[in-house]
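For what it's worth, my numbering labels the leading residue of the sequence shown as 2, then goes sequentially.
For each residue, glycine too, the CB sits at the ideal point set by N, CA and C.
This one's a predicted model, so the numbers in the text were calculated from it and none came from an experiment.
What follows is a single structure, written as structure tokens, with notes after it.
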Amino acid sequence: MKPFSYLRTALALGPISVSRAIRYKLGLKIGLNPAKRLTGQFKNSTPYFLAPQQACHSLTPPTQWKNTGIAFGHISFPITDTPPDWHLNLLNGQAGANSSLLWWKISDFDPSVGDIKGVWELSRFDWAIAFAQQASSGDSAALLRLNNWIKDWSEKNPPYRGSNWKCGQEASIRVMHLAMAALILRQAKLPSTSLLDLIYHHLRRIVPTITYAIAQDNNHGTSEAAALFIGGSWLRANGYPDATRWDRLGRKWLENRARKLIEKDGSFSQYSLNYHRVMLDTYSMAEIWRRSLGLPSFSKNLHSRLSAACAWLHTLTVSSNGDGPNLGANDGARLFPITDSDYRDFRPSVYIASALFGSQLPLAFSGQTEDPLAWVGTSPPSSCCTSPSPSPSKLLKDGGYAVLRLGRAMALLRFPRFRFRPSHADALHVDFWIGKDNLLRDGGTYSYNTDDESLTYFPGIASHNSIQFDSREQMPRISRFLFGEWLKTNYLSAIEKNEREVAFEAGYKDWRGAIHRRKISLNDDRLQIKDSISNFKHKAVLRWRLDPSRNWTIIHNAVSDGQHRLQITCAYPIKRFQLVQGWESRYYGKKEPVPVLEVEVDQACEITTDYFWTTDVS
């Protein structure tokens with residue numbers, strides 16, 4: 002890349018955000034940041050949580066974390082009387098994450114540890130919510146386990162030392178989960194001294210690095226702001242001298258992040274379905290806490306942006322099973338695991354946020370028989386409910402999404418509208434669903450710290466249903482988490498619909514001059530995609546990532562499983578028409594093979610893809 006490309010990327014990131022990041026890293030390097038001088042010791046003088054005064058038998062605690070623990074939605078392990086190894090990497094089974102080094106001396110990408118997220122996972126305290134639910138239902142063993150696990154974690158992770166203090170967001174997630182556990186056990190207003198001390202040390206870790214989190218313009222800022230608001234207001238109510246400042250700082254940044262990072266159409270800065278849920282769950286927990294302690298309301302603007310964000314996630318969620326497109330970066334986070342549902346079920350988060358920030362969805366939409374808000378003592382509004390049926394077709398142009406719906410079919414076209422840094426090269430990707438079946442699919446993320454081939458493949462164009470020009474990426478990669486030369490849409494239509502068809506069209510010109518314009522049309526038995534491509538040098542490869550549960554075979558210029566058929570038409574000769582093996586990752590740290598149709602041409606042309614289905618699917 003040329004120097005001007007780096008400059009354009011820096012300007013796109015924003016001078017304020019870039020300067021915040023530089024100031025933080027420089028301050029840490031030369032010792033000016035107070036985070037390097039943090040010291041402390043936990044008191045552990047009393048149990049963190051007491052037995053509930055009256056067991057709640059009206060709610061059924063989730064089965065997850067009863068006898069078996071779950072990590073990243075797919076890694077299970079038995080729960081015993083012995084707490085887990087807090088420094089074991091669950092993704093690769095390796096031990097040895099250093100627990101004695103000061104956090105700022107530990108690398109994010111230490112090859113001896115592997116993906117550090119595998120170490121962090123259990124230290125997010127997801128289990129604290131489940132154990133609190135079990136304890137509130139009269140399970141004394143769960144209360145004992147809850148206290149023992151927290152005590153053991155505190156002993157094995159002394160303040161500000163070791164991998165589990167490395168990230169301010171990870172500390173923030175622990176604060177939020179401990180606060181929700183306190184609400185479930187009805188002990189938020191009379192917390193133990195040990196619990197308050199634990200929260201206090203976490204906020205001391207978060208405060209000095211909050212500006213760096215804000216500089217990322219992503220969920221690091223929302224998470225850390227929420228922890229400061231929740232923890233700060235908690236400590237303030239119990240007489241801690243610094244807490245008022247932390248409370249105000251958290252509220253300030255929650256308001257600021259909602260205003261800056263959530264578009265008016267509800268799109269979030271990270272262009273990711275799962276990170277959108279992380280953000281939404283964060284604000285839901287902050288609002289639940291605010292109501293529970295009777296704190297002043299957030300602004301009307303915050304409520305408006307969160308209502309739009311909730312509607313955005315509802316639009317992309319499949320109502321029958323709660324799944325949705327594997328869109329954008331995905332780190333395996335399920336931030337508010339208060340229901341007994343799969344990691345990929347987004348319905349509980351939509352329901353909770355809808356009840357808190359918008360008009361309440363019917364309980365049936367959440368996939369639960371009980372109201373999850375009842376666990377934290379919050380009642381949803383009595384206003385009339387919205388329909389649990391799928392949202393209609395929508396153009397969410399602030400974030401770059403066109404969602405077409407007709408009957409039980411849904412097609413998503415992703416187009417480049419990058420006000421914030423893109424994490425995936427997915428311009429003009431198409432995701433296609435009929436009911437709960439994902440027929441044309443996104444590759445996902447897999448891991449943030451793995452082999453170079455996977456780090457290139459999953460965020461890259463080859464992991465998406467789009468076109469790759471001249472064997473290069475849609476945007477040049479600058480670093481692990483940063484692309485340069487952000488794409489811009491140069492053509493955008495409105496959504497056109499009638500009784501039989503709904504259609505949409507968008508296009509872009511990339512940094513090397515290649516042009517791609519795509520029109521999708523959805524009717525009762527066919528999805529049609531027309532790709533007009535030009536200005537490339539040698540070749541263009543169209544990829545369709547197919548449903549791996551079907552037995553696809555090539556028949557002339559089509560692939561079929563006997564019921565579904567994907568057919569390619571082009572006025573010019575097709576140089577290659579081949580089924581190859583690709584990969585997809587629906588759960589973080591797990592990848593599985595997926596069939597990919599590759600269609601290669603060597604000249605400007607229009608390629609038409611018709612996806613036909615002839616039988617009903619689930």
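Can you have a look at residue i and say buried or exposed, based on whether 16 or more other CB atoms are within 10 angstroms of its CB?
i	result
His58	exposed
Ser113	exposed
Arg335	buried
Cys385	Residue confidence for Cys385 is low, a pLDDT of 43 falling below 50, so the modelled location carries little weight; the figure read from the coordinates is stated next. When all chains shown are included, Cys385 counts as exposed.
Ala136	buried
Gln188	buried
Pro423	buried
Gln42	exposed
Gln217	buried
Tyr7	exposed
Pro297	exposed
Glu486	buried
Val176	buried
Val581	exposed
For residue i, which of helix, strand or coil comes out of DSSP?
i	result
Glu156	helix
Gly323	coil
Glu264	coil
Ser6	helix
Val114	coil
Thr490	strand
Met181	helix
His539	coil
Ala365	helix
Lys395	strand
Phe132	helix
Asp603	coil
Trp66	coil
Gln95	coil
Lys591	strand
Tyr612	strand
Thr210	helix
Arg252	helix
Trp105	helix
Gln529	strand
Thr283	helix
Cys57	coil
Using 8 angstroms as the threshold, is the C-beta distance between residue i and residue j below it?
i	j	result
Leu407	Val503	yes
Lys540	Asp611	no
Phe358	Leu294	no
Leu547	Asp532	no
Ile608	Val600	yes
Leu414	Leu429	yes
Ser195	Thr47	yes
Ser164	Val120	yes
Phe337	Met280	no
Asn149	Pro62	no
Ser342	Gly378	no
Phe269	Ala244	no
Gly169	Thr212	no
Ser138	Trp87	no
Phe416	Leu314	no
Leu92	Asp116	yes
Report the rounded CA-to-CA distance for residue i versus residue j, giving the unit in angstroms.
i	j	result
Asn257	Ala365	33 angstroms
Arg587	Pro159	34 angstroms
Thr615	Gln564	6 angstroms
Gly251	Ile215	11 angstroms
His75	Asp332	13 angstroms
Asp453	Pro460	12 angstroms
Arg162	Lys118	17 angstroms
Tyr344	Lys489	33 angstroms
Ala572	Cys606	7 angstroms
Ser155	Asp525	58 angstroms
Trp105	Pro363	46 angstroms
Arg566	Ile555	10 angstroms
Asp282	Ala354	7 angstroms
His203	Trp247	12 angstroms
Leu89	Glu122	10 angstroms
Asp140	Tyr201	28 angstroms
Which whole-angstrom value is the C-beta distance of residue i and residue j, which I expect to be below 8 angstroms?
i	j	result
Ser467	Asp427	7 angstroms
Ala36	Leu29	7 angstroms
Trp376	Leu60	6 angstroms
Ala410	Leu523	6 angstroms
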